[in-house]
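Step one of this worksheet: look at the structure below.
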Amino acid sequence: MSAQAPSSPGLFDCRDAYSRALEALAAADDRIVAVVNDSVGSSKLGKFRDRFPERLINVGIAEQNMVGVAAGLANGGKIPFVSGAACFLTARALEQIKADVAYSSANVKLCGISSGVAYGELGATHHSIEDLAWLRPMRGLTVIVPSDPWETAEAVKAAAASDQPTFIRISRMPVPELTHAAPFQIGKAEVMREGRDVAIIAVGTLVCRALAAAEQLAAEGVSARVINMATIAPLDEAAIVAAAADCGAIVTAEEHVVRGGLGGAVAEVTALNQPVPMRILGFDGFQPTGSAEWLMERAGLTAKGVAAAARDVVAKKIP
């Protein structure tokens, strides 16, 4: 894992890892290009632009064109990384993502920056908390939600090496760098902590909070398995079925609405294969303005909230 310049002690901005990884890939492969929508600053691609000015295409505030241009570049043999605010990239260009990228199997890498409620004070128009529900069902589109800087960089490298269209959800909320025991692999869940009483399945900014919740639960004698489900599509269904069978209860946690995201994906698998008591932690709909941390706390997306949900499902387990 590479050293990072912390945004605050012990915490890191995953956009830095994204931009560094993309710059390194571009240095090694001239097929790598960046396509942006006046988002060089928010994507932290200033150094990329300075180093590869002919390989950064700024289409202006025109998300639909941005994705269309990227699809054309992919059809011409390039590997375009589309980079823009997740709320606008996914909502405004949803038709192009569906038709030009997913349906057409265009080798485009869509990077949604500042996802979730990272733009907290800017309100519901800038929150990207429905994007997973829109993109997850698109057959052939890989969807990745990294949990920390290391995993962000690994996801970028894995996406570049794959010929599949891919969406990577990149937060700007500061997170700690986690300890990963296994190499990152698209479609493979990572068990970050073993446990037998309840399984906590989390993505993105919730993984570190899930691990903190497991620590709290351990102090109470509750053994919690923590699974980092970084790839939501394709989903590691075997890991979910095993968690349900071994632990008998599941909590999912995500910076997303409770319908259609990680929780919905896990519920689909358990309902068909191994029904168990579940709690899906997320937002219940459009959110008000406020800091990202305040919004997360308000929705119970904290270590304390995850631990409380775990106690609830453990109490509902069938003896």
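In terms of full-length UniProt numbering, the sequence shown is residues 1 to 319. Glycine is no exception: its CB is placed at the ideal position from the N, C-alpha and C atoms.
Span separating the alpha-carbon of residue i from that of residue j
| i | j | result |
| --- | --- | --- |
| residue 99 | residue 58 | 22 Å |
| residue 55 | residue 238 | 40 Å |
| residue 153 | residue 305 | 29 Å |
| residue 3 | residue 318 | Because the pLDDT at residue 3 is just 34, under 50, the model does not fix this residue reliably, and the value given afterwards should be weighed accordingly. Roughly 46 Å between the two C-alpha positions. |
| residue 212 | residue 251 | 14 Å |
| residue 9 | residue 301 | 22 Å |
| residue 139 | residue 90 | 16 Å |
| residue 246 | residue 29 | 44 Å |
| residue 185 | residue 158 | 8 Å |
| residue 231 | residue 50 | 32 Å |
| residue 191 | residue 179 | 11 Å |
| residue 60 | residue 35 | 10 Å |
| residue 135 | residue 94 | 8 Å |
| residue 196 | residue 62 | 49 Å |
| residue 262 | residue 127 | 17 Å |
| residue 200 | residue 268 | 16 Å |
| residue 160 | residue 40 | 20 Å |
CA nearest to the CA of residue i, picked from the options
| i | options | result |
| --- | --- | --- |
| residue 83 | 37, 122, 52 | 37 |
| residue 14 | 265, 155, 309, 217 | 155 |
| residue 52 | 24, 95, 64, 76 | 24 |
| residue 125 | 285, 217, 21, 22 | 285 |
| residue 116 | 218, 104, 187, 170 | 170 |
| residue 255 | 19, 222, 295 | 295 |
| residue 183 | 224, 164, 146 | 146 |
| residue 71 | 106, 198, 21 | 106 |
| residue 224 | 194, 233, 234 | 194 |
| residue 141 | 165, 123, 221 | 165 |
| residue 220 | 32, 176, 314 | 314 |
| residue 176 | 123, 162, 151 | 151 |
Buried versus exposed, by CB contacts within 10 Å (16 or more), residue i
| i | result |
| --- | --- |
| residue 316 | exposed |
| residue 287 | buried |
| residue 73 | buried |
| residue 131 | buried |
| residue 149 | buried |
| residue 92 | buried |
| residue 75 | exposed |
| residue 12 | buried |
| residue 44 | buried |
| residue 46 | exposed |
| residue 264 | buried |
Own chain residues within Cβ distance below 6 Å of residue i, not counting five before or after
| i | result |
| --- | --- |
| residue 253 | 202, 206, 210, 281, 306 |
| residue 173 | 118, 205, 292 |
| residue 96 | 64, 67, 68 |
| residue 309 | 251, 279, 281 |
| residue 110 | 82, 167 |
| residue 143 | 135, 136, 167, 232, 233 |
Simplified DSSP state of residue i, which is helix, strand or coil
| i | result |
| --- | --- |
| residue 82 | strand |
| residue 66 | helix |
| residue 356 | Outside the shown range of the chain, which is 1 to 319, sits residue 356, and nothing can be said about it. |
| residue 54 | helix |
| residue 190 | strand |
| residue 25 | helix |
| residue 276 | coil |
| residue 235 | coil |
| residue 5 | Interpretation of residue 5 is limited by its pLDDT of 40, a score under 50 that renders its predicted location unreliable; no figure is taken from the coordinates. |
| residue 255 | strand |
| residue 225 | strand |
| residue 250 | strand |
| residue 48 | helix |
| residue 168 | strand |
| residue 36 | strand |
Any chain D beta carbon closer than 7 Å to residue i
| i | result |
| --- | --- |
| residue 233 | No chain D appears in the structure shown, which is made up of a single protein chain. |
Sequence-distant residues of the same chain with beta carbon closer than 7 Å to residue i, five excluded per side
| i | result |
| --- | --- |
| residue 273 | 241 |
| residue 42 | 85, 113, 114 |
| residue 303 | 209, 212, 213, 216 |
| residue 276 | 244, 248, 249, 250, 270 |
| residue 48 | 19, 22, 23, 26, 34, 56 |
Proximal residues to residue i (C-beta, below 8 Å), its chain only, five neighbours per side dropped
| i | result |
| --- | --- |
| residue 236 | 187, 188, 189, 229 |
| residue 290 | 120, 121, 298 |
| residue 257 | 129, 130, 133, 282, 283, 284, 285 |
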